[in-house]
Amino acid sequence: MMRKIIFILVVCLVALSSCQWDGKSGNTADVDVRVARYDRLQYEYVTMNSFSALQKMNTDYPQVTKLLIEDVLAIGEVDDMKINDRMLEYYSDSTLLTLMHDAEEKFKDLGWVEEKLTKGFKRLKKEVPTLFVPHFYAQIAALNQSVVVGDSILGFSIDKYMGADYPLYKRFYYDYQCRSMEPDRIVPDCFTFYLLSQYPLPWQPGRTLLDMIMHRGKINWIVAHI
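Residue numbering for the sequence shown is 20 to 245, as defined by this note's numbering.
This is the structure we're talking about:
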């Protein structure tokens, strides 16, 4: 019964969005999510001024680095001659250095995230065989976006999931906001933002706030049951 409900909701989202997923085959045995530790390269570059780490960021993860610089941090263009120095200076703030250190200590292992993402995508692909599974990576976003979705990639910011009682959060967020910054929100947030990116509600004359709330509610329901 639960599978039928999920299937119906997904079909409704397809009809509303007028877009389709285009991705891997429906063989769930092929689903094995791994999270690239881009955050470790960031930490190495900032704390050690490591050229090797910077080179890997630019050559191994060019799209990720572009998203980070231009969209997440919004500090300039990725091809700016001085952008590397600007990024290093940005993260060298003492508060951010502490945040980076704490995040790396807290999230030494992300195996549990990989396991839950794999399980969730296997269940979704049973209902939508053409579902594309993006490449996942972890990053440190300096308390900016929690999740970013790009072309075939999805990144989550470990510094936004340090736990409601993390001292630094008290300086920038209300208590109700901190409650959504627990580690166990990583996986649900990834699925939510991914589905929203794949099934946006197209704007049409007559659309109302209620339409948007209902659309978001359908996605939230699916995420809660995968």
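Think of the CB as a built atom: it goes at the ideal place given N, C-alpha and C, for glycine as much as any other residue.
Asked: Assess contact between the segment 61–71 and the segment 135–155, defined as three or more Cβ pairs (one per stretch) separated by less than 8 Å. Is contact present?; Found: no
Asked: Spatial neighbours of S171 within its chain, please: C-beta separation below 8 Å, excluding the five flanking residues on both sides.; Found: F151, P153, H154
Asked: Is it right to say I193 is buried, meaning 16 or more other beta carbons lie within 10 angstroms of its own, or is it exposed?; Found: Correcting the residue type first, residue 193 is Tyr in the shown sequence and not Ile. Exposed, because fewer than 16 other Cβ atoms sit within 10 Å of the Cβ of Y193.
Asked: Could you check the C-alpha separation between G244 and D98 for me, to the nearest Å?; Found: Strictly speaking, residue 244 in this sequence is His, with Gly absent from that position. Cα to Cα, H244 sits roughly 42 Å from D98.
Asked: Going straight from the alpha carbon of L229 to that of I238, what length do you get?; Found: 14 Å
Asked: For my contact list, Q196 and Y57 are in at a C-beta cut-off of 8 Å; report their separation, rounded to the angstrom.; Found: Actually they do not touch by this definition, with Cβ atoms about 25 Å apart.
Asked: In whole angstroms, give me the CA-to-CA distance for N77 and T84.; Found: 6 Å
Asked: How about the segment 158–167 and the segment 135–145: do they share at least three Cβ pairs that are nearer than 8 Å?; Found: no
Asked: Cβ atoms of C209 and L136: under 8 Å apart, would you say?; Found: yes
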